[in-house]
Amino acid sequence: MAKAFAKPICLSDQETHYCPGCTHGVIHRLVAEAIDDLEIAGRTVGIAPVGCAVICYNYFTFDFQEAAHGRAPAMATGIKRVRPDLIVFTYQGDGDLASIGMGEIVHAANRGEKFTTVFVNNAVYGMTGGQMAPTTMPNQKTTTSPFGRNVEEVGMPIRVAELLASLATPAYITRQTVLSPKHILKAKKAIRQAFQYQVDNRCFSFVEVVSTCPTNWGMTPADAIQWAEKTMLPYYPLGDLKTPESVEEA
Amino acid sequence: MSKVLMKGNEAIGEAAIRAGCLNYFAYPITPQSEVAEYLSRRMTEVGGVFLQGESEVAVSYMIFGAAACGERVFTTSSSPGISLMSEGISYICGAECPAVFVNIMRGGPGLGGILPSQADYLQATKGIGHGDCRMLVMAPASVQEAVEMVMQAFPLAEKYRNPVMILGDGLIGQMMEPVSFRDDLKVPPTDKDDWATSGMDTRKSTKRNLVKSLYLDPEALNAHNLKLKAKYDRMRQEEVRYETYNTGGDYRVLIVSYGTMSRVCRSAVDALKARNVETAMVRPQVLFPFPEQAVLDAASKSSCTHVLSVEMSMGQMVEDIQRSVQGRRPVHWYGKCGGEVPTPEEVMEAVEALLQS
C-alpha cells in the first residue's frame, strides 16, 4: 500500500511541549513539509523566537539559531547578507514580532531581505502567561487587560500583514489560518510559496497565521477555534495581500 | 613598509578588511560615522558586505546572526550605541560566537556630548551585558595601535569564541596619523564546523548545529557558566598587555593612564622630569584583563608614594587600580569628562598638588 501521509523528514521525533489544541504543532509541520518538498534542509537555518516556540529548534533537524525577543529579523538579515545561499526563516509570535520586534520586521521587509517569516498571531502573549498583545482583540480579557482591551486607552489591534503590505518594496505578504483542514491546506500552500520565493531569490516573504491559544484564552481547543473564526477572522482577513508580481504590475 | 596618512575611523575600517573581515553592519553615530562612510565604498571594492542597519539594537543582532553562521564580522559605534548593543553582546557571549566591536567613546551619560571621553571603561570591562559575560577589551593609544589591535581582535575573538572590544576615544577616531597595515597580523579564520550554523550541506554533514544561549535546566546553565568563566580566567592568564614608561628611576608618583590620555601623561612625565620631579607610568593596552601585577609591582617601588589615575572619566579605572595595589599605596584620580582633553600642564599640576598634600 502506498504511503499517504508521513511525519516530515526534517521534523524531529521529539515530543513537543505545546498545550493541547495549540496550533504551533500544525504550523511546524507545514514549515517542515515545505522544506522537505523543496529539498532545502541542508542549507536552511531557522531562527527561533522568544515565546512558546522558543525551543522550536528541538523539533527540527536542520541548523537553528535562537534569537533575542523580537530580534530574529535582524539575525536573519545578518545571515542572508553574509551567506545569501542559505535559506533563512524566522518563526515568531505576537510579542516577538508585533511588539518589541516591530522595528526589526518593518525594516527587514522594507529592505527586501530575502528571508521568510512565519508569524503566529494568537492575540495574546502565550509563554509569559497570557498578557495583552498588540494583536489582542477589542474587549478581549487578558492578564494585563482584565476588564477587556480598552481601545480608548490602548488603541486597536495591529494588522501586521497590512502594515507590511503597505511598504513599496516587493514582497510576498499573506495571511492564513489553521482553524480547519480546508484552511490548513491553503496555509500549507502559502508557506510553501513563501519558501519558493526565497529559493528563487525573489523577495521577502511573510506568512501571518491566525492561531489559537486555548490555555490563555481560557477555552477548550474546540471553543478556541470557534472564537477565532467568529472574532479574529473578520478583523484579520485571509488571503494574499501582496505578491512580487502585484507590485511589478502596479 | 609603506605608511599612509589616515583618519582613525577610516584606518579602523581598512584594518578589518586587511584582517580578512569582509562583513560590516553599523549605524551612524558621532564621532565614528566615518567608518561606515568609508566602508560603504570600500566593502564594495573588495566584494564584501556593508549594511547600514536601522538601529544599533538591530545591528548587534545582524552581527550575532552573521557570526553564528561562522563568518568574520564587526561593527563600530559610540557610547550610547554601545549601550543599545549591550543585550546583543550578552547573547553573543552566552552563545559563544566570535565578533569584534569598536567603541569610539564620547561624553555621557545619556546623550552626553560628541567630544572624546573614556567614560565607558566600567561598561566595557565590568558590565557589558547582563549575566556572567565578559569581553576582552583593548585600548589603543594611536591610530597605528588601533589598526594593529583591530587586526589582532579577529583571531582573539575566534580563540575564545567570544566578543572582543576595541575601546577607543573620539581622538582615536578623528585624528589623522601615519599608518602601516602589517600583513603578518592577518590570521586565517579557524574551523567552525563543530558549532556554526553554516548549513549542513556546507559542512557536508548530517549533524545540525544549534546556536543558543538558553539553558532552562539549572545544572546545565551552571555548567555552561563555569565553561564561560574558564574562558575569562584564561584571558586573565594569557592576554594581559601593558607598557611602562620611565619606571627605571626613583619615581614618586605612578600614573596609570590608557588610550590617547596616556600620550598627554607621557608628555607630563617628561616635563616633570625636566623639573626634577620623577614620575612613571603604566599604560594598560588591554583593560580586561587588567594588568594587576604590573600595577602592583610599579606602585610598590619604595620611592613611590602615590598612584594617580588620569582618565577622561570621573575615575572609572580607580577601583581596578586600588584592587591591584592591595592597599599599599593611596590611589588618586585626575580627569575631565566634558570632552576637553587635559593638557600636560594640567596633569603636571595634578601631580604637584598630590606631592604637596
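Protein chains in written order, with our numbering: chain A, 8 to 257; chain B, 15 to 371.
Glycine is no exception: its CB is placed at the ideal position from the N, C-alpha and C atoms.
Can you pull the chain A residues whose beta carbon is under 8 Å from the beta carbon of residue i, in chain order?
i, result
"residue 77 of chain B", "85"
"residue 87 of chain B", "85 and 89"
"residue 225 of chain B", "71, 72 and 73"
Mind checking residue i: buried by the 16 CB within 10 Å criterion, or exposed?
i, result
"residue 234 of chain B", "exposed"
"residue 237 of chain B", "exposed"
"residue 163 of chain A", "exposed"
"residue 370 of chain B", "exposed"
"residue 143 of chain B", "buried"
"residue 197 of chain A", "buried"
"residue 30 of chain A", "buried"
"residue 78 of chain B", "buried"
"residue 14 of chain A", "exposed"
"residue 154 of chain A", "exposed"
"residue 233 of chain A", "exposed"
"residue 101 of chain A", "buried"
"residue 200 of chain B", "exposed"
"residue 71 of chain B", "buried"
"residue 160 of chain A", "exposed"
"residue 290 of chain B", "exposed"
"residue 195 of chain A", "buried"
"residue 8 of chain B", "Residue 8 of chain B cannot be examined here, being either before or after the span of chain B that is shown, 15 to 371."
Show which residues of chain B have a CB atom less than 7 Å away from the CB atom of residue i.
i, result
"residue 68 of chain A", "222"
"residue 78 of chain A", "75"
"residue 61 of chain A", "228"
Would residue i count as contacting chain B if we go by Cβ distances under 9 Å?
i, result
"residue 64 of chain A", "yes"
"residue 239 of chain A", "no"
"residue 206 of chain A", "no"
"residue 41 of chain A", "no"
"residue 235 of chain A", "no"
"residue 44 of chain A", "no"
"residue 54 of chain A", "yes"
"residue 20 of chain A", "no"
"residue 230 of chain A", "no"
"residue 247 of chain A", "no"
"residue 81 of chain A", "yes"
Against chain A, does residue i count as a neighbour if the rule is that its beta carbon must be under 9 Å from one of theirs?
i, result
"residue 68 of chain B", "yes"
"residue 61 of chain B", "no"
"residue 228 of chain B", "yes"
"residue 237 of chain B", "no"
"residue 72 of chain B", "yes"
Who are the neighbours of residue i on chain B, taking C-beta pairs under 8 Å?
i, result
"residue 49 of chain A", "213, 214 and 215"
"residue 134 of chain A", "Correct list: empty, because the minimum Cβ distance to chain B is about 12 Å."
"residue 9 of chain A", "Ordered by position in chain B, no residue passes the 8 Å Cβ test against residue 9 of chain A, which lies about 27 Å from the chain."
Show which residues of chain A have a CB atom less than 7 Å away from the CB atom of residue i.
i, result
"residue 39 of chain B", "85"
"residue 82 of chain B", "72"
In chain A, which residues lie less than 9 Å from residue i when you measure between Cβ atoms?
i, result
"residue 65 of chain B", "84, 85, 88 and 118"
Of all the residues that make up the segment 94–116 of chain A, which are near chain B by a beta-carbon distance shorter than 9 Å? Of all residues in the segment 94–116 of chain A, only 94, 95, 110, 111, 113, 114 and 115 place a beta-carbon less than 9 Å from a beta-carbon of chain B.
Is the number of C-beta pairs between the segment 159–170 of chain B and the segment 214–221 of chain B that are closer than 8 Å three or more? Contact between the segment 159–170 of chain B and the segment 214–221 of chain B is absent: fewer than 3 CB-CB pairs across the two stretches fall below 8 Å.
Residues from the segment 92–109 of chain B in contact with chain A, defined by Cβ distance under 8 Å: Listed by position along the chain: 101, 102, 105 and 109.
Could you say if the segment 246–265 of chain B and the segment 328–338 of chain B meet the contact criterion of at least three C-beta pairs nearer than 8 Å? No: fewer than three Cβ pairs fall under 8 Å.
Within 7 Å of chain B by C-beta, residues of the segment 164–185 of chain A in sequence order: Going along the segment 164–185 of chain A in chain order, one finds no residue with a Cβ nearer than 7 Å to chain B.
Is the segment 45–52 of chain A touching the segment 18–31 of chain A in the sense that three or more CB pairs, one from each, lie closer than 8 Å? Flag = no, the segment 18–31 of chain A and the segment 45–52 of chain A do not touch.
Stretch pair the segment 105–121 of chain A + the segment 30–47 of chain A: three plus CB contacts closer than 8 Å: Counting C-beta pairs closer than 8 Å gives fewer than three between the segment 105–121 of chain A and the segment 30–47 of chain A, which falls short of the contact rule.
Between the segment 66–79 of chain A and the segment 52–67 of chain B, can you find at least three pairs of beta-carbon atoms closer than 8 Å? Cβ pair count under 8 Å is below three, so no.
Kindly confirm or deny that the segment 78–92 of chain A and the segment 73–93 of chain B touch, where touching means at least three C-beta pairs closer than 8 Å. The segment 78–92 of chain A is in contact with the segment 73–93 of chain B.
Are three or more beta carbon pairs between the segment 331–348 of chain B and the segment 114–122 of chain B nearer than 8 Å? Contact annotation: the segment 331–348 of chain B does not touch the segment 114–122 of chain B, with fewer than three C-beta pairs closer than 8 Å.
Contact between the segment 197–208 of chain A and the segment 128–146 of chain A is defined here as three or more beta-carbon pairs at a separation below 8 Å; is this criterion met? Using a Cβ-Cβ distance cut-off of 8 Å, the segment 197–208 of chain A and the segment 128–146 of chain A are not in contact, since fewer than three pairs of beta carbons, one from each stretch, lie closer than that value.
Contact between the segment 126–141 of chain B and the segment 177–192 of chain B is defined here as three or more beta-carbon pairs at a separation below 8 Å; is this criterion met? Cβ pair count under 8 Å is three or more, so yes.
Give a yes or no on contact between the segment 169–179 of chain B and the segment 93–113 of chain B, applying the rule of three or more CB pairs nearer than 8 Å. Result yes; three or more Cβ-Cβ pairs closer than 8 Å.
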